[in-house]
Amino acid sequence: MGYAYATLSVPGPNALTQMQSNTYYWANGGGQMVQRGAYFRQNVDLTQVPKDVQNDFLAAENATFWTDKGVDPQGILRAVYDMAKGGEVQSGSTITQQWIKNTRLNQGQTISRKLDEILMSIKVGSTVSKSTVLDGYLNTSYFGRGAYGIDAAAQAYYGIPSSQLNVAQGAYLASLVNGPSLYDTTWDTSTGTDSDTVNTTNLANATARWNYVMKRNLLDNFMSQADYNTLTAKGFPLPIKPVSNSSLGGYIGYLVTLANNNLLRSGVTQAQLDAGGYSIYTTFVKNDMNDMKAAVDNELLNKLNPKTMAVDTQDATTAPDYGKKYPVDQWLHVGGASVLPGNGAVTAIYGGPDFMKQETDDADDPKILVGSTFKAFVLAAALSDGVKNPNDPSAPGTPVSLNSLYNGDPNLIIKNANGSVWLDQNGHDWAQPNDSNDQWGPITLTKAMEQSVNTVYVQLGMDVGMPNVATAAEAAGVLPSSIDPTDNAPSFALGTSTPGPIRLATAYATFADDGVEYDPYEVDHYTTTSAAGKTLTVSLKSQPKQAFSPQVAETVTTALKAVVSENGTGAHAMALGRDAAGKTGTTDSYKSAWFVGYTKQLSTAIGLFDQDPTNFSLLPLMGLNGQQQVYGADFPTAIWTNYMEAALAGQPQESLDTANYGQIENELGVSAPPSAPASPSAPPSSLPPHPSKSPSAPPASSPPPTTPASPPPSSNPPCDPGGLFGSGCTSPTPSDSSSTPSGNKPSDPGGPGNGWNPGGG
């Protein structure tokens with residue numbers, strides 16, 4: 001025996017006993033969201049376990065723990081005697097022995113394993129601190145319900161971290177170590193699983209064992225008689241019903257995936273994530289998540305009939321999809337995201353109806369065109385880089401004013417900045433249509449944004465230079481990888497890029513925060529344990545970047561506020577009752593519909609599209625809920641308004657900052673009518689450095705006049721054929737989408753479907 005002890009080495013812990021789960025938490029102290037990992041375990045330092053809870057385990061298993069040598073001689077003799085008689089192998093185990101068995105040995109019931117356990121325990125008892133042993137024991141013991149370790153057990157049985165356990169709850173958890181299947185109050189012995197029904201036999205067993213542990217607390221002087229009387233009078237602390245801590249169902253899977261991707265971007269490796277042990281504090285607000293889901297359900301999904309078949313009549317009769325029947329209500333996708341301006345935190349998303357049924361996250365990167373929501377970046381570029389001098393295109397551009405006039409008539413021939421006609425790939429003049437045939441004549445850039453007039457913003461983009469528009473979109477927060485590579489074509493201004501809801505909400509949040517961009521992030525911070533055993537806390541908060549001057553951003557906001565006005569395509573968003581700005585967007589053949597809008601406190605993007613699950617092709621939204629045409633002003637705006645009202649409830653009213661920066665620079669050949677607005681301000685001399693957001697005093701702090709030279713069509717709110725907002729269809733359909741110039745449709749260089757030239761608002 002002495003030789004065996006002298007030559008015995010204590011092996012390191014089994015790798016599996018070091019595997020932990022990762023715990024994800026809601027933002028703002030919202031509690032635990034979910035635990036994920038091969039093992040439901042989150043190791044905690046002994047200091048995170050209340051002292052009286054530690055004593056529960058000593059009372060139940062090893063009262064002499066702090067003074068013994070790692071073994072109980074009487075227990076060992078009893079176990080050896082029984083084994084020598086050929087009886088069942090007995091435990092006789094101290095906490096040290098149980099820790100050795102849990103982490104260094106297998107669970108086999110043999111004499112040789114038992115002897116190894118005893119010898120290792122004696123050696124560990126003389127070389128390892130008692131606190132280290134107790135820490136390891138509490139973190140590796142199995143408690144049932146899939147929970148390894150005291151912290152996982154506290155979550156599984158009481159829904160709280162181990163630091164919040166009380167002595168009565170701890171006494172029950174200490175009982176479970178002796179046999180979870182005997183003492184788990186919801187264990188179903190017939191199926192070998194937990195259930196929602198209380199097992200009366202196990203409840204009686206658990207109550208008796210709990211009373212035993214409480215009595216041992218008293219007898220071993222871990223508890224006073226008065227405390228014992230008080231606690232036992234309250235009775236057995238019934239645990240909560242079992243919950244699935246590893247479930248990715250519903251929206252949880254989308255949130256976990258986004259959080260993990262954020263960690264991987266920050267430098268955490270996949271191997272480190274797989275090993276577990278991370279406490280991940282996300283940016284997601286539980287109430288906001290529920291509010292967004294409710295808005296999508298109430299304003300759209302609950303109204304649909306999946307059996308309804310729609311017929312594609314939007315494309316030419318020679319197009320492959322013409323006359324195709326498909327269940328538009330069944331194949332509908334909704335993507336949504338909210339981002340905090342001045343921060344970048346993603347507070348809520350709608351990625352799909354259920355991660356277990358659809359893993360693709362429609363909030364992240366669904367690769368659908370964003371339509372006229374892109375016009376905001378055209379305007380930002382026109383204010384930042386200015387329009388080019390037609391006689392000297394290499395000279396610095398002149399920043400425009402919202403009072404600048406452009407021709408809003410449909411089917412205009414689009415020109416290069418030098419005045420030459422833009423030719424398509426077939427050598428034909430590019431004639432840009434609007435969604436309607438309204439003859440607008442010369443109108444201000446504000447009126448053109450309000451009504452989503454394509455001809456104005458396509459020509460403005462050409463005058464600025466589409467590469468500058470792409471640069472503005474990137475500066476606002478759009479990923480370069482989502483920007484259409486053919487960014488010098490006129491249609492680029494109408495949203496042939498595919499940012500996705502998270503990035504689109506981020507970019508509009510830049511305008512809300514006076515030009516300061518924060519990259520979106522889903523993990524506020526995480527904690528983990530270093531190799532030296534120290535707790536590390538790492539922040540993943542985004543850092544600010546000055547994308548635009550405050551004057552530029554505030555001028556874009558002025559134009560986007562006109563969209564959310566009585567005459568704008570986003571008029572129905574006024575129902576929010578707050579100072580808001582935004583933009584509608586609809587693409588060719590109604591293959592996607594958007595509303596992106598913001599207040600000072602929150603920026604949210606909502607997008608719809610219809611996708612054939614067999615070949616992933618995009619199909620027209622026409623026929624959705626029985627509506628022939630679906631615009632961004634319809635369902636997306638309804639969802640946005642419903643959600644924002646709930647998410648902002650209780651928050652103070654805040655006004656958006658507005659300006660009218662730049663100078664009147666009319667479209668080449670467009671004359672100002674006699675009633676044109678007066679001249680604007682001179683631009684500021686330079687971009688203000690961050691963090692200052694205070695612009696030099698702009699010449700005007702209110703939106704500029706927007707009266708067009710020729711009378712506009714009816715100023716009633718946009719057509720609402722489905723009665724989404726309680727109003728009828730009393731005016732022509734809004735200028736909410738466009739189509740490719742007639743007869744000159746270019747090939748699709750890679751965009752989804754065949755909608756290479758989307759449109760509008």
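Numbering (my numbering), first residue to last: 1 to 761. Note that beta-carbon positions come from the ideal geometry of N, C-alpha and C, so glycine has one too. These numbers were taken from a predicted model, which means no experiment stands behind them.
For GLY136, the closest alpha carbon among the candidates MET644, MET33, ILE100, LYS375 is that of ILE100. By a beta-carbon distance limit of 8 Å, THR185 contacts VAL198. Their separation comes to about 6 Å.
DSSP places LYS583 in the strand class (E or B) of the three-state scheme.
Between the segment 322–342 and the segment 363–378, the count of Cβ pairs shorter than 8 Å is three or higher; the stretches touch.
Distance from the CA of ILE443 to the CA of VAL453, rounded to the nearest whole angstrom, comes to 10 Å. Listed as beta-bridge partners of PRO544 by DSSP are TYR518. Here the segment 47–60 makes contact with the segment 170–177; the two share three or more CB pairs at distances below 8 Å.
Residue environment: VAL256 is assigned as buried (16 or more neighbouring CB atoms within 10 Å of its CB, all protein chains considered).
Of the residues assessed, SER401 falls on the buried side of the cut-off, its CB having 16 or more other CB atoms within 10 angstroms. Judged by beta-carbon spacing, MET644 lies beyond the 7 Å limit of ALA559, meaning their Cβ atoms are not closer than that value. Bounds of any beta strand (DSSP E) do not take in ALA512; it lies within the alpha helix (DSSP H) bounded by 501–512. Contact between the segment 581–596 and the segment 628–637 is present: 3 or more CB-CB pairs across the two stretches fall below 8 Å. If you ignore the 5 residues before and after HIS333, its C-beta comes within less than 6 Å of the C-beta of ASP362, PHE609, GLN611, all in its own chain and listed in chain order.
Only residues of its own chain outside the window of five on either side were considered, and among them LEU273, TYR278, ILE280, VAL523, TYR526, LEU540 have a CB closer than 8 Å to the CB of LEU263, listed in chain order. THR64 counts as exposed, since fewer than 16 other beta carbons sit within 10 angstroms of its beta carbon. When rounded, the separation of the alpha-carbon atoms in ASN62 and VAL213 is 11 Å. Distance from the CA atom of SER436 to the CA atom of PRO620, rounded to whole angstroms, is 19 Å. Classified as buried, SER162 has 16 or more neighbouring CB atoms from the shown chains inside 10 Å of its CB. In the three-state reduction of the DSSP assignment, PRO442 falls in the strand class, which pools E and B. Nearest to LEU369 by alpha-carbon distance, out of PRO396, GLY419, VAL478, is VAL478. Judged by beta-carbon spacing, GLY568 lies within the 7 Å limit of ALA562, meaning their Cβ atoms are closer than that value.
The beta-bridge partner set that DSSP reports for ASP188 consists of THR193. In this structure ALA395 is in contact with ASN389, their Cβ atoms being roughly 5 Å apart against a cut-off of 8 Å. In its chain, beyond the 5 residues on either side, LEU402, SER404 have a beta carbon closer than 6 Å to the beta carbon of LEU445. In the DSSP assignment, PHE40 forms a beta bridge with ALA147. Cα atoms of ILE349 and ILE502: separation of roughly 8 Å, rounded to the nearest angstrom. Counting only runs of 4+ residues, the alpha helix (DSSP H) found wholly inside the segment 191–231 occupies 200–219, in chain order. Of the other Cβ atoms in all chains shown, 16 or more fall within 10 Å of the Cβ of PRO180; this residue is therefore buried. Contact between the segment 30–49 and the segment 143–161 is present: three or more C-beta pairs spanning the two stretches fall below 8 Å. Annotation: TYR406 is outside any alpha helix (DSSP H); the continuous beta strand (DSSP E) that includes it extends over 405–407.
For PHE609, the uninterrupted beta strand (DSSP E) run begins and ends at 603–611, by DSSP. By the criterion of a C-beta distance shorter than 6 Å, LEU238 is surrounded by no residue of its chain, once the five residues flanking it on both sides are discounted. Here the C-alpha atom of TYR406 lies approximately 41 Å from the C-alpha atom of LYS325. Residue state for ASP291 is assigned as helix, using DSSP reduced to three classes. About 37 Å separates the CB atoms of LEU536 and THR599; that is not less than 8 Å, and the two are not in contact. Scanning its chain for C-beta atoms nearer than 6 Å, with the 5 sequence neighbours on each side dropped, one finds around PHE355 the residues LEU248, GLY253, TYR254, in chain order.
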